[in-house]
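Working notes, beginning with the structure itself.
Number of protein chains: 2
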Amino acid sequence: MKINRFVENPLITPDDVKPYHQGFEVIGAFNAGVAFYKGETLLLLRVAERPISETPNIIKVPLLKNGELTLLEIERDDPRYDFSDPRIIHEVGSEADFIYLTSLSYIRIARSRDGHRFTIDESPFLYPFNEFQNFGIEDARCTQIGDENYYINFTSVSEMGIIESLVKTTDFESFEDMGNIFLPDNKDILIFPEKINNRYYALSRPVSSSLDRKDIWISKSSDLKAWGEHRHLLNTSKDDWDNGRVGGGLVPIRTEKGWLEIYHGATKNNVYCMGALLLDLDDPTKVLAKSKAPLMMPEMPYEKEGFFGEVVFACGGIVNGDKLTLYYGVADRSMAACELSISEILSQLESELE
Amino acid sequence: MKINRFVENPLITPDDVKPYHQGFEVIGAFNAGVAFYKGETLLLLRVAERPISETPNIIKVPLLKNGELTLLEIERDDPRYDFSDPRIIHEVGSEADFIYLTSLSYIRIARSRDGHRFTIDESPFLYPFNEFQNFGIEDARCTQIGDENYYINFTSVSEMGIIESLVKTTDFESFEDMGNIFLPDNKDILIFPEKINNRYYALSRPVSSSLDRKDIWISKSSDLKAWGEHRHLLNTSKDDWDNGRVGGGLVPIRTEKGWLEIYHGATKNNVYCMGALLLDLDDPTKVLAKSKAPLMMPEMPYEKEGFFGEVVFACGGIVNGDKLTLYYGVADRSMAACELSISEILSQLESELE
Numbered sequence: 156m157k158i159n160r161f162v163e164n165p166l167i168t169p170d171d172v173k174p175y176h177q178g179f180e181v182i183g184a185f186n187a188g189v190a191f192y193k194g195e196t197l198l199l200l201r202v203a204e205r206p207i208s209e210t211p212n213i214i215k216v217p218l219l220k221n222g223e224l225t226l227l228e229i230e231r232d233d234p235r236y237d238f239s240d241p242r243i244i245h246e247v248g249s250e251a252d253f254i255y256l257t258s259l260s261y262i263r264i265a266r267s268r269d270g271h272r273f274t275i276d277e278s279p280f281l282y283p284f285n286e287f288q289n290f291g292i293e294d295a296r297c298t299q300i301g302d303e304n305y306y307i308n309f310t311s312v313s314e315m316g317i318i319e320s321l322v323k324t325t326d327f328e329s330f331e332d333m334g335n336i337f338l339p340d341n342k343d344i345l346i347f348p349e350k351i352n353n354r355y356y357a358l359s360r361p362v363s364s365s366l367d368r369k370d371i372w373i374s375k376s377s378d379l380k381a382w383g384e385h386r387h388l389l390n391t392s393k394d395d396w397d398n399g400r401v402g403g404g405l406v407p408i409r410t411e412k413g414w415l416e417i418y419h420g421a422t423k424n425n426v427y428c429m430g431a432l433l434l435d436l437d438d439p440t441k442v443l444a445k446s447k448a449p450l451m452m453p454e455m456p457y458e459k460e461g462f463f464g465e466v467v468f469a470c471g472g473i474v475n476g477d478k479l480t481l482y483y484g485v486a487d488r489s490m491a492a493c494e495l496s497i498s499e500i501l502s503q504l505e506s507e508l509e
Numbered sequence: 156m157k158i159n160r161f162v163e164n165p166l167i168t169p170d171d172v173k174p175y176h177q178g179f180e181v182i183g184a185f186n187a188g189v190a191f192y193k194g195e196t197l198l199l200l201r202v203a204e205r206p207i208s209e210t211p212n213i214i215k216v217p218l219l220k221n222g223e224l225t226l227l228e229i230e231r232d233d234p235r236y237d238f239s240d241p242r243i244i245h246e247v248g249s250e251a252d253f254i255y256l257t258s259l260s261y262i263r264i265a266r267s268r269d270g271h272r273f274t275i276d277e278s279p280f281l282y283p284f285n286e287f288q289n290f291g292i293e294d295a296r297c298t299q300i301g302d303e304n305y306y307i308n309f310t311s312v313s314e315m316g317i318i319e320s321l322v323k324t325t326d327f328e329s330f331e332d333m334g335n336i337f338l339p340d341n342k343d344i345l346i347f348p349e350k351i352n353n354r355y356y357a358l359s360r361p362v363s364s365s366l367d368r369k370d371i372w373i374s375k376s377s378d379l380k381a382w383g384e385h386r387h388l389l390n391t392s393k394d395d396w397d398n399g400r401v402g403g404g405l406v407p408i409r410t411e412k413g414w415l416e417i418y419h420g421a422t423k424n425n426v427y428c429m430g431a432l433l434l435d436l437d438d439p440t441k442v443l444a445k446s447k448a449p450l451m452m453p454e455m456p457y458e459k460e461g462f463f464g465e466v467v468f469a470c471g472g473i474v475n476g477d478k479l480t481l482y483y484g485v486a487d488r489s490m491a492a493c494e495l496s497i498s499e500i501l502s503q504l505e506s507e508l509e
């Protein structure tokens with residue numbers, strides 16, 4: 156697979172983003188959903204900000220409550236907590252993966268005419284606006300349906316769990332809240348860009364803790380707000396690049412061969428790669444083909460080293476004829492981009508079938 | 156709270172049920188959904204059958220695949236497996252709670268004119284009919300909407316996870332499949348018996364493994380098949396009878412004071428009790444009151460001892476004026492029943508508010 160990484164990579168780093176909160180530092184500008192709006196490429200950046208601690212032994216935890224931001228101070232040698240994963244604070248002995256996140260994420264827009272040089276908005280576009288988002292909002296995906304309507308779904312995190320929420324915008328300034336669309340724990344929702352046989356479709360990645368599954372499912376809707384007729388779509392593999400978890404990446408792309416889904420897979424050791432999935436045009440619950448080898452894996456220094464290394468994680472792209480420009484988060488820290496040929500991806504999927 | 160347990164209790168035990176599968180024994184007839192149909196009380200029994208093993212050291216595991224029942228044989232001293240919970244087989248070292256169930260559950264109807272003496276159908280009403288049900292179907296609930304339509308939801312278990320499925324019947328002989336209505340892991344779905352402000356509502360009990368939550372949520376629908384606008388409804392308590400998990404029990408009952416939901420709570424040690432919840436009539440996402448003490452807890456020998464002891468677990472009831480006849484599973488083994496006064500439950504909820 157020929158991957159033309161942009162020479163400007165990384166395109167956007169935390170250093171390019173001015174903190175929105177006083178006394179905070181930006182530690183991530185990554186995992187952006189992508190929209191094309193009025194001649195501009197918009198990156199719906201996940202900006203992660205962390206309170207600056209004056210004392211090395213104190214970690215400050217950002218928490219929202221009734222829209223108010225508060226800081227909780229925890230001592231790093233407090234034996235009740237485990238700080239080994241930089242993204243989270245784990246309570247020792249708890250069954251929960253985490254009790255707090257170490258940063259607060261929200262969605263901020265970066266805009267570009269040429270798709271290479273971006274200007275970042277001064278303030279957030281989507282900032283946590285209800286109690287389901289008290290720990291932050293993450294990893295937006297944007298589906299354009301028709302000429303004017305853009306649907307943005309994102310992960311809402313709070314002490315109640317990890318769920319998926321949906322808003323609609325026509326101008327990327329204001330938005331209409333369409334509610335929580337998937338129950339805990341779920342993330343990586345990708346809404347298809349058109350109705351198929353009069354129904355909307357979406358991919359999602361629910362977690363079955365009972366059976367230890369992190370697979371992709373597919374669901375149907377009449378109104379984008381309520382989802383049902385859920386079916387299992389894709390397993391993790393047994394011993395391959397996607398044996399730890401799989402999840403949707405980009406909004407599915409209509410091609411002659413089928414719906415092309417660029418998705419992520421991670422090993423049990425959290426190396427995140429991108430692969431491809433081909434779904435039947437008339438019935439996307441049918442998988443026609445799946446990448447045996449990843450399309451793309453962490454290779455460049457900015458992909459291998461960062462806040463949480465060995466991660467390429469695309470949430471959006473721009474299609475122009477055969478050219479797919481993939482905008483992808485790297486190492487839970489920055490944004491990068493690359494170009495791929497859609498026909499080449501389809502050929503590889505076909506060749507692997509033989 | 157005055158609880159009049161039936162003198163006939165337990166009403167139905169495994170000994171009353173003829174196995175459907177040759178070479179199997181019935182080990183449970185419990186957790187029945189309840190319907191009133193053509194003058195009869197119907198119990199939609201969860202019947203659990205286990206393959207009889209001729210050799211004490213061999214455990215036989217029932218598995219469905221493409222509708223075919225197969226038996227897997229595992230040696231009890233196989234160090235790869237843990238058999239300490241009689242309901243499941245755990246794979247040592249796995250993050251999953253279980254790899255197999257020790258019995259296969261399906262739904263079979265028991266019918267009664269007087270609500271006390273039941274005749275059990277010879278064959279199943281709902282038997283696993285798709286790949287999401289390869290480990291069995293469990294814990295039906297039945298919501299009558301209008302005069303003729305009965306909607307039955309139940310838990311579908313397979314290697315893909317624990318999900319909730321829905322069928323519709325008008326005759327309790329045939330049914331229409333309405334698909335999977337909630338993604339893994341979810342169970343204890345209770346559909347309200349009428350639309351409220353033109354929307355259907357349902358309770359559910361999704362699992363957040365990330366945050367270790369087993370709480371009740373509430374969702375909306377236009378067609379009963381697709382659900383959205385999810386909101387959190389009820390936490391587990393901190394240190395009380397329901398500190399381990401909570402989940403809906405009966406179809407919510409319309410009263411003058413609000414929607415009365417009889418739900419279950421369990422301690423972290425798996426003692427299952429029943430409590431009451433009162434929800435706003437016009438907006439059931441609002442909790443008006445909740446039992447401080449359980450309405451009912453395991454007290455009788457048939458409630459305390461069984462396949463999995465210390466469990467009262469009601470999935471349905473019959474309302475007649477102020478009288479609520481609760482049909483409830485006991486010790487994951489049998490069915491029992493009792494009568495409660497609805498006004499007394501409401502008074503207790505009110506008194507606890509003061």
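One line per chain: the protein sequences are A and B, in this order.
Residue 509 is where the first sequence ends in my numbering, and the numbering goes up by one at each step.
Residue 509 is where the second sequence ends in my numbering, and the numbering goes up by one at each step.
Think of the CB as a built atom: it goes at the ideal place given N, C-alpha and C, for glycine as much as any other residue.
Since the model is a prediction, treat every value here as computed from it, not as a measurement.
Query, Result
"Through-space distance from A:Ser-377 to A:Arg-354, alpha-carbon basis", "6 Å"
"Heavy atom of the ligand ADP within 7 Å of A:Arg-409 beta-carbon", "Looking for the ligand ADP in the displayed structure turns up nothing, as the structure carries no ligands at all."
"is_contact[B:Val-362, chain A] using C-beta, thresh 8 Å", "yes"
"Proximity winner among B:Thr-257, B:Ser-267, B:Val-312, B:Gly-270, relative to B:Phe-284 (alpha-carbon distances)", "B:Val-312"
"Option nearest B:Leu-197 by Cα separation, candidates B:Ile-373, B:His-271, B:Asp-397", "B:His-271"
"Beta-carbon spacing of B:Leu-218, B:Leu-227 below 8 Å", "yes"
"Where A:Lys-375 sits in the DSSP three-state scheme", "strand"
"Rounded separation between B:Glu-507 and B:Val-426 - CA only", "22 Å"
"Residues of its chain near A:Thr-168, where Cβ-Cβ distance is below 6 Å and the 5 sequence neighbours each way are ignored", "Ser-489"
"Beta-carbon proximity list for B:Ile-307, same chain, < 6 Å, skipping 5 on both sides", "Ala-295, Cys-297, Val-322"
"Exposure of A:Lys-375, with buried meaning 16 or more beta-carbon neighbours within 10 Å", "buried"
"Nearest to B:Ile-229 (by Cα), restricted to the options B:Ile-254, B:Pro-348, B:Val-467, B:Tyr-261", "B:Ile-254"
"Burial state of B:Lys-393, where buried means 16 or more other Cβ atoms lie within 10 Å", "exposed"
"Test item: CB-CB of A:Thr-440 and A:Arg-386 under 8 Å", "yes"
"Beta-carbon spacing of B:Pro-206, B:Val-485 below 8 Å", "no"
"Alpha carbon of A:Ser-258 to alpha carbon of A:Ser-364, nearest angstrom", "25 Å"
"From B:Asn-390, B:Lys-380, B:Val-474, B:Glu-505, residue whose alpha carbon lies closest to that of B:Leu-405", "B:Val-474"
"In DSSP terms, what B:Phe-185 is bridged to", "B:Arg-201"
"The alpha helix (DSSP H) enclosing A:Lys-459, as first and last residue numbers", "456-459"
"Straight-line Cα distance separating B:Glu-163 from B:Ser-446", "28 Å"
"Distance between B:Ser-278 and B:Phe-327 (C-alpha atoms, nearest Å)", "12 Å"
"Sub-8 Å separation of B:Gly-334 and B:Lys-380 beta-carbons", "yes"
"Range of the contiguous alpha helix (DSSP H) that encloses B:Glu-507", "497-508"
"Proximity below 8 Å, CB of B:Ile-497 to CB of B:Leu-415", "yes"
"When A:Leu-199, A:Ile-264, A:Gly-291 are compared against A:Arg-242, the one with the closest alpha-carbon", "A:Gly-291"
"Limits of the unbroken beta strand (DSSP E) element including B:Trp-414", "413-421"
"Every unbroken beta strand (DSSP E) inside the segment 275-347 of chain A [3 residues or more]", "291-300, 304-313, 316-324, 331-337"
"Those residues which DSSP pairs with B:Asn-159 across a bridge", "B:Glu-494"
"Residues, ordered as in the chain, of the segment 379-391 of chain A that lie near chain B by beta-carbon distance below 9 Å", "Leu-379, Lys-380, Ala-381, Trp-382, Gly-383, Glu-384, His-385, Arg-386, His-387, Asn-390"
"6 Å CB neighbourhood of A:Leu-432 in its chain, flanking five on each side removed", "Glu-416, Tyr-418, Lys-445"
"Beta carbon proximity, B:Arg-263 to chain A, threshold 8 Å", "no"
"Beta-carbon neighbours of A:Glu-331, restricted to chain B and to distances below 9 Å", "Chain B residues near A:Glu-331: none, gap ~13 Å exceeds 9 Å."
"A:Leu-199 vs A:Ala-190 beta-carbon contact at 8 Å", "yes"
"Chain D contact for B:Gly-334 (CB, 8 Å cutoff)", "Absent from the structure is chain D; the protein chains it does hold are A and B."
"Minimum C-alpha distance to B:Asp-302 - residue among B:Thr-480, B:Cys-493, B:Thr-324", "B:Thr-324"
"Within chain A, partners of B:Met-315 - CB distance below 8 Å", "Ser-363, Leu-366, Arg-368, Asp-370, His-387"
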